[in-house]
Structure formats: structure tokens, C-alpha cells
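Each residue of the sequence shown is one higher than the last, beginning at 20 in my numbering. Note that beta-carbon positions come from the ideal geometry of N, C-alpha and C, so glycine has one too. Data block below; observations after.
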Amino acid sequence: PKKKPNKSSGNVAVVCRVRPRIASEHQDRRCFDFDSNKKLTLNMASDSHGHFNSNTFEFDKVLGPDSDQKEVYDEAARPIVESVLEGFNGAIFAYGQTASGKTYTMIGDNIDDVETQGIIPRMVRTVFSRIQSASEDMEFSLKVSMCEIYNENIKDLLNPSKKNLKIYEEKNKGVYIQDITERWCVDEHQVYQLLRFGNKNRAMASTAMNNQSSRSHSLFILTLLMTNTADGTSKSGRLYLVDLAGSERVSRSGASGQLLEEAKSINQSLSTLGKVILALTDKRITYIPYRDSKLTRILTESLGGNSKTCLVITCSPHSSNEAENLSTLRFGSRARNIKNVPKVNREYSVAELKLLLEKAEEKVKTHEMRIRVLASQ
């Protein structure tokens, strides 16, 4: 059977998606050769005489311009969503230059259109479908929150008046955003309503790369609590869905003034993300700079920690974007070497805790007897 990415291994899975051409892009030479469903080659012009430098990359899955939203969801997201329903933490994030298809991949054109829905609305459908088909012994509670990181400030997208949220870390809770609005939801329509509301509050502006470019990193966070009423055990899973701001160089965005400051801030957090990935994949580097940006601080568990993670890298098919594509592909290639240590987040029932205590007491008695025997010799 076909192995789904990140289902059993702890490695970060990387799925590469190349979008189709858009109407405004004139026909030019082919940038990519799709060697297989896991390999692609980027052909870059090396001089004016038609010579090319070719770079081949391998990922968990390569999806070409003909791939549809369902295929992307099934390959990149469904295995992670299924794991969250088993009590693991998960993270899915989209990385690529502006106008390469990140937001379309994560959200889609229309949340209500089943054909063009992106990863987030499809994930919501999967979760509620599983809840409805679960046994009567299982009880589920689901809450969502949504925020953006804009100029290194965390803004609550479900309550836009909360503009400078702080990040804290506790032993039992891990890293969390203090005072972020959390909304309990009982069906997919409630979640879609919140998603629409949150998206309207994102920082958008026109740049040379895209006339509706998001200038922030957006995080949609779903927390699922599952209780088995028959035996009292409970599990929980948290899923981060991250639509990162465009990764292009400041010079290409055509930004100036406030947009230039935004671009520098975006580059700082993406540059820190790159440094974290480098540190996690290079044994010679001992310090991992999670704390150097808000983005990497929040994603601490998603990169090298207790999470099943998939990175979707998005590329443009036009030759004018070949340098940005190369940068994106290298980023994805490095991220694929990150090893996570996912584990089920479970709480034991009273009966299970008593059993564990009895076993521990038995061990203590056995050790005490051995000590007495050794002491009497």
C-alpha cells in the first residue's frame, strides 16, 4: 500500500505544489520538469545562449499544475488530521513566494465550494465527519482560535482589538499565546463563520508581486479534546495551520515606506524560521534560535518537537520566478531532514492510575527484597 507522509515516521513531510499559469503570465519556456510524483527538476537559464543549470529535488510528494485541491489535501493534510484525531499534535504550513498559491492551498477561493475548498475547510469536514461516526462512548470538544503575526506583533483575528498578545511557556501547557480568543464549536458551519471573520481581519496590501498580498503570517489553531466515558481516559490533539507571508526578497516585492518595514519584519521571521531549520538539521549547531521570532516561538513543538508536521512549499511556473523557486525548493529540502518526536497526549483514568501505582509499589517491594538479600550475604 502507498505510504502516506509523516504517518509513522517522525520526520517532517514536505509536499511541493507547482501552481498553473495565470492569465497575466505570458507563455515562456518551461521552468520545471516533473520527473516522478516525488521528484522535480528546476531549469534555470545560466546565460543568454540557451544554456541551463538544472537542480533536481526529491520530496514526499510533488504535485504539478494539474493537481486539484482534494489531491493536495489527501497527500499533505489528511494524514496529519487523522493523527490529531488519535491524540497527536499536528502542524501544516504553506511556504513560498507571494502569488505562488499558499492561501489558495490553505483556504481556497470559496470556503463553501466543496471543489475548491483548501486544506483548512476540508480539515474541518474530516474532523466533524469522524466525530459523527464515533462510538457513543466518545465525547468530543472542539475549540478554535486564529491570529496573525504582523510586524512581530501577535493580533487576535477573532477579536481584532487584542493587538499585542504575549507568548508564554509552562511545563504542562508548553508554549501558548496568552489571552487569545478561543471559541467552542459544535459544527463545521460555526468554524467556517469564524474562519471568514478572521480572514477579513488579516493585514492585506498591494505589492508588485500580488495586488492582494497578505502581509502577515496567519495561524489557525484547532484544539480537540476526546474523552472515553466508558473507561474515563482522555486524549487531546492540537493542530496548527499556518499560511506564511510571502518569502520573496525585499527588492522584488517593490515595497517602500510602511510596506518596506513590513517586508523586513516578514523577512526577519522567515529568516529565523530558516535558521531554526538549519540548526535542527546540522549537528554542528547546538543552539536553536526559536526565541528569535514570534513565529518560531509559537512553532517550537512543530519543528523538532512533539508534533506530526507537513510543510507544503508552493512554486510559480514562470521563469521570472526561478530564483525564488530555487530558494523555496532548498528550504523544503532542508526541512525534510527535521526529526520530530510525536507522542499521543493522553490523560489516564483513575483506574489506570491506580494500576500504575500498584505496579510501581510491586517494583519497590522487589527492589527492597533484593537489597535485603544482598545486605545479608
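Rounded to the nearest angstrom, the Cβ distance from Tyr114 to Gly137 is 15 angstroms, too far for a contact under 8 angstroms. Here the alpha carbon of Ala264 sits roughly 7 angstroms from the alpha carbon of Thr117. For Ser352, the uninterrupted alpha helix (DSSP H) segment begins and ends at Glu341 to Ala354. Positions of the beta strand (DSSP E) runs, each at least 3 residues long and wholly inside the segment 68 to 135, are given as 71 to 77, 80 to 82 and 109 to 115 in order along the chain. Membership of Gly251 in any alpha helix (DSSP H) is not indicated, and neither H nor E is assigned to it by DSSP. Here Asn30 is bridged, per DSSP, to Lys358. For Met157, DSSP records a beta bridge to Asn247. Linking Ile357 to Gln396 through their CA atoms gives a straight-line distance of about 52 angstroms. The three-state reading of DSSP puts Asp198 in coil, since its state is none of H, G, I, E or B. Per the coordinates, the alpha-carbon of Cys35 lies some 50 angstroms from the alpha-carbon of Glu377. Counting every other CB atom within 10 Å of its CB across the protein chains shown gives Met142 a total of 16 or more, marking it as buried. Spanning the alpha carbons of Asp301 and Asp156 requires a straight line of approximately 46 angstroms. For Arg257, the secondary structure class from DSSP, reduced to helix, strand or coil, is strand. Ranked by Cα distance from Ser154, the first of Ala370, Ala249 and Gly293 is Ala249. Under the 10 Å beta carbon count, Ile41 is surrounded by fewer than 16 other beta carbons and is classified as exposed. Cβ-Cβ separation between Gly351 and Phe159: approximately 34 angstroms, too far for a contact (criterion under 8 angstroms). Under the three-state reduction of DSSP, Val205 is assigned to coil, being neither helix nor strand. Ile307 and Thr319 have their alpha carbons spaced roughly 10 angstroms apart. For Glu366, the enclosing beta strand (DSSP E) stretches over residues Asn364 to Glu366. Rounded to whole angstroms, the separation of the alpha carbons of Val295 and Thr315 is 8 angstroms. Within the same chain, Cβ atoms closer than 6 angstroms to the Cβ of His337 are found at Glu44, the five residues on either side in sequence being excluded. Note on His236: 16 or more other CB atoms within 10 angstroms of its CB, so buried under the neighbour-count rule. Shown here, Lys327 sits in a strand according to DSSP, grouped into three states. By the neighbour-count criterion, in which 16 or more other beta carbons inside 10 Å mark a residue as buried, Met388 falls on the exposed side. The alpha-carbon of Leu348 is positioned some 7 angstroms away from that of Phe76. Between the alpha carbons of Val81 and Ile139 lies a distance of about 20 angstroms. In the structure shown, Asp47 adopts coil according to DSSP, grouped into three states.
Remark: C-beta atoms of Lys182 and Asn170 do not approach each other more closely than 8 angstroms.
With contacts defined by Cβ atoms closer than 8 angstroms, Val163 and Val210 form a contacting pair. Non-local C-beta neighbours of Val103 in its own chain, meaning closer than 7 angstroms and more than five positions away in sequence, comprise Gly109, Leu243, Gly256 and Leu258, ordered along the chain. Straight-line measurement puts the Cα of Asn30 at about 33 angstroms from the Cα of Val205. Under the DSSP assignment, Leu376 falls in the alpha helix (DSSP H) whose first and last residues are Val369 to Ser395. With contacts defined by Cβ atoms closer than 8 angstroms, Ser346 and Ser266 form a contacting pair. Cβ atoms of Leu241 and Leu372 stay farther apart than 8 angstroms, at about 28 angstroms. The closest CA to that of Ser335, considering only Arg202, Ile304 and Ser119, is found on Ser119.
The residue among Tyr367, Glu90 and Arg221 with its C-alpha nearest the C-alpha of Asn56 is Glu90.
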